[in-house]
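When we follow UniProt numbering, the leftmost residue of the sequence shown carries the number 1, and every step to the right adds one.
We put the beta carbon where it would ideally sit given N, CA and C, even for glycine.
Keep in mind the model is a prediction, meaning the values are calculated, not measured.
Take a look at the structure set out below.
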Amino acid sequence: MLTHTQLLGFFSESASTYRFLSQVFFKELNDQAIAELAAAEYPDDTGNACLDEGYRLVRRYFAFSATDRRTQLACEYARIFLAAGVFTKERQTAVPYESVFTGNERIMMGDARDDVVARFLEDGFQVNPDLHEPEDHLAFELEYLVNMNERAGEWAQAKDKARLRRNVVRQLEFIEGHLLNWIPALRDVAQEYAKLTFYPGMLLVAQGALEQGRDLLRDILEQLDGTSAAA
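So this is what it looks like as structure tokens:
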């Protein structure tokens, strides 16, 4: 059972984690971000297999990477997520849009994108139109969770159980129905194009973080539906 303080801490940490992951997958990393990642400590045993393997792959990249990491990772990002120099009609690419991985036609702007847009509107979240990207981009789906966790923290702080419960349910629906349903497939395809271990590792980190977040949200929902007043 989470205390009120632990509940607030969970939502704050979740927002930070999803914000970081959103930045990793939206565009090429800058020097500062790479330096921070290189200096970070990655645990060996998190209790989640995807996280453990993801951290191992990220550690491996930084242990054996070239001096010019920014150029190296920029090229890797372009090859994996932008299909730069590898696109063919016969082979699926790892462009990070849910519609590509869940729709029968495997094209952008599909049904998944429409459902994501509707959910974003219902929850008061909007993607910056100046970015000119479909809303079901992995980075935007993660940014939606940032917004939802920030709001959950507000509802928890205010002890508004009804709004907090709705938020938790919406997060669970989204994680299971719009993230964990396609990230494993994205990771498998990304692995086919990757020359380095960094991005396959980060996709595993994302999957593991979402799995852990989902499990804790389930516990929180049970707590909210019980007799505890911790929230």
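Helix, strand or coil at Tyr-42 according to DSSP, with G and I counted as helix: Looking at Tyr-42 - three-state DSSP - the assignment turns out to be coil, as it is neither helix nor strand.
Outcome for residue 253 when other beta-carbon atoms lying within 10 angstroms are tallied against a minimum of 16: Shown here, the chain extends from 1 to 231; a query on residue 253 therefore has no answer.
At least 3 beta-carbon pairs within less than 8 Å: the stretch 171 to 182 vs the stretch 15 to 35: With the rule of 3 Cβ pairs closer than 8 Å, the stretch 171 to 182 does not count as touching the stretch 15 to 35.
Classification of Pro-43 by the beta-carbon crowding that lies within 10 angstroms, buried from 16 upward: By the neighbour-count rule (16 or more Cβ atoms within 10 Å), Pro-43 is not buried but exposed.
Nearest-angstrom beta carbon gap, Val-58 and Gly-201 [assumed within contact, 8 Å]: In this structure, Gly-201 and Val-58 form a Cβ contact; the two beta carbons are roughly 4 Å apart against a cut-off of 8 Å.
Rounded separation between Ser-14 and Asn-147 - CA only: For Ser-14 and Asn-147, the distance between alpha carbons rounds to 10 Å.
Nearest-angstrom Cα separation, counted from Ala-66 out to Glu-143: If I take the Cα positions, the gap works out to 30 Å.
Three-state class that DSSP yields for Arg-119 in the structure shown: Note: Arg-119 maps to helix in three-state DSSP.
Short Cβ contact (7 Å threshold) for Ala-94 with Tyr-18: Taking 7 Å as the cut-off, the Cβ atoms of Ala-94 and Tyr-18 do not count as close.
Distance, Arg-165 Cα to Trp-155 Cα: If you draw a straight line from the Cα of Trp-155 to the Cα of Arg-165, it comes to about 9 Å.
Residues near Thr-207 by beta carbon distance below 6 Å, same chain, minus five either side: Before going on, a small fix: residue 207 reads as Gln here, not Thr. Taking Gln-207 as the centre and dropping the five residues before and after it, the same chain places the C-beta of Cys-50 and Ile-183 closer than 6 Å to its C-beta, in chain order.
Beta-carbon separation (whole angstroms), Ile-80 vs Ala-190, contact threshold 8 Å: Confirmed, Cβ separation roughly 5 Å.
Buried versus exposed, by CB contacts within 10 Å (16 or more), Ala-84: Ala-84 is classed as exposed because its beta carbon has fewer than 16 other beta carbons within 10 Å across all chains shown.
C-alpha gap between Gly-103 and Ile-175, whole angstroms: Between the alpha carbons of Gly-103 and Ile-175 lies a gap of roughly 18 Å.
For Gln-92 and Glu-105, the rounded distance between their alpha carbons: Computed Cα separation, rounded: 11 Å.
Opening and closing residue of the alpha helix (DSSP H) in which Arg-91 lies: Counting along the chain, Arg-91 falls outside any alpha helix (DSSP H), and DSSP gives it neither H nor E.
Contact with chain B by Glu-28, beta-carbon distance below 7 Å: Although the question refers to chain B, the structure presented lacks it and comprises just one protein chain.
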